[in-house]
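Notes to accompany the following structure.
Residue numbers (our numbering): 1 to 390.
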């Protein structure tokens, strides 16, 4: 089940505010979706995710197929009960992970032959297999199996002919994914994925063919795969607003806070990225006024929180009162610097909470601005504040 209702649009851009209703709940868009690769958002409990405003999270079909496997997932009735998350879940198809195996896989029209990265077993992923696994996961949004068109192919920038061949196979796989999804009588929603590399006319061909298949929602794939930022932004500006206005649009694997704000302006409703948690584990924190490197020695004696305007647990403690509003219960930069230098487990837990809260709160501010009809002003202020620096 999927229903999508656009509530308001921004006159200065392609941004829109909407509600997305799925089998496990209602999602307010635009939205950022935390990534839970192995059935967990690294270092963050489901209760913490819910407290910071997460409405929908991701699961990774490929990795959950490897471990714990379909039999275990079937015994729990799906991913929601397994990981104790009662809100919506989106699962990717496994295509990107198979693509990233490089020389360990062979792509054919039938599907992908590859060696398991866990134990070396010879395995086969096809559109049909992906639909069967995702049906067992019972995710609210299922992604078609596609071939992720790389920016570079065998040491050279992917040519138009190579991108076309990949895109056309993804379209055939979309048809096969759709047929198997319907055969399985999956009650959830299947999204098609627009491919075409860095070629706008191929993107348009892919888009037109997928729209003719009438999927409940659409994703823009094959971005953030090694291309320069300006190339990613060019495709982001081209594709989303050309998709049907009455259906949700999902930009896969993107990106920075700036990418999210600009992506919304391009008409994107849904985003996911590992950046908040991955950067947190590596000591880079997002704040209203730019990025902060907690490993820098200048933070060794700093009593301030990561972000004086932030109300996350790391910055505001249990009071939820930011430093700017008089709160003093959060953890200091000095303490977080100390935890990181000592390799303490609490360090990535607190920093992951902060970064995820930052992303989720940013999207709440985006929705509030769209509701108020002030997205253009918000967009300008956001970029000015981020450029100021910590």
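Glycine included, C-beta positions come from ideal geometry on N, C-alpha and C.
- Going by beta carbons, residue 261 and residue 367 fall outside the 8 Å limit.
- Out of 152, 90, 85, the CA that lies nearest to the CA of residue 102 is found in 152.
- The three-state secondary structure of residue 59, taken from DSSP, is strand.
- Put simply, the backbone Cα of residue 359 is about 18 Å away from that of residue 90.
- By the criterion of a C-beta distance shorter than 6 Å, residue 145 is surrounded in its chain by 93, 95, 127, 130, 173, 177, once the five residues flanking it on both sides are discounted.
- Our two residues, residue 81 and residue 139, have alpha carbons roughly 11 Å apart in a direct line.
- With contact defined as three or more Cβ pairs closer than 8 Å, the stretch 314-327 and the stretch 7-21 are not in contact.
- Within the stretch 91-142, the alpha helix (DSSP H) runs of at least 4 residues that lie entirely inside it are, in chain order, 95-99, 127-137.
- The beta carbons of residue 194 and residue 221 sit closer together than 8 Å.
- Secondary structure of residue 246 (DSSP, three-state): coil.
- Cβ-Cβ distances below 7 Å link residue 164 to 202 in the same chain, with the five nearest sequence neighbours on each side left out; the list follows chain order.
- In the DSSP assignment, the residues bridged to residue 156 are 153.
- In this structure, residue 78 sits away from residue 36, with a CB-CB distance that is not shorter than 8 Å.
- Under the three-state reduction of DSSP, residue 311 is assigned to coil, being neither helix nor strand.
- Apart from sequence neighbours up to five positions away, the residues of its chain that approach residue 8 with a beta-carbon distance below 8 Å are 16, 17, 370, 371, 373, ordered along the chain.
- In this structure, the straight-line span from the alpha carbon of residue 286 to that of residue 184 is close to 42 Å.
- Unbroken alpha helix (DSSP H) stretches of 4 residues or longer found wholly inside the stretch 194-231: 200-213, given in chain order.
- Comparing alpha carbon positions, the residue from 49, 297, 381 closest to residue 353 is 49.
- The distance from the Cβ of residue 57 to that of residue 270 is about 12 Å, inconsistent with a contact at the 8 Å cut-off.
- For residue 74, the uninterrupted alpha helix (DSSP H) run begins and ends at 70-76, by DSSP.
- Between the alpha carbons of residue 247 and residue 375 lies a gap of roughly 21 Å.
- Residue 306 places its beta carbon less than 8 Å from that of residue 292.
- Within a 10 Å sphere around the beta-carbon of residue 387 sit fewer than 16 other beta-carbons, which makes this residue exposed.
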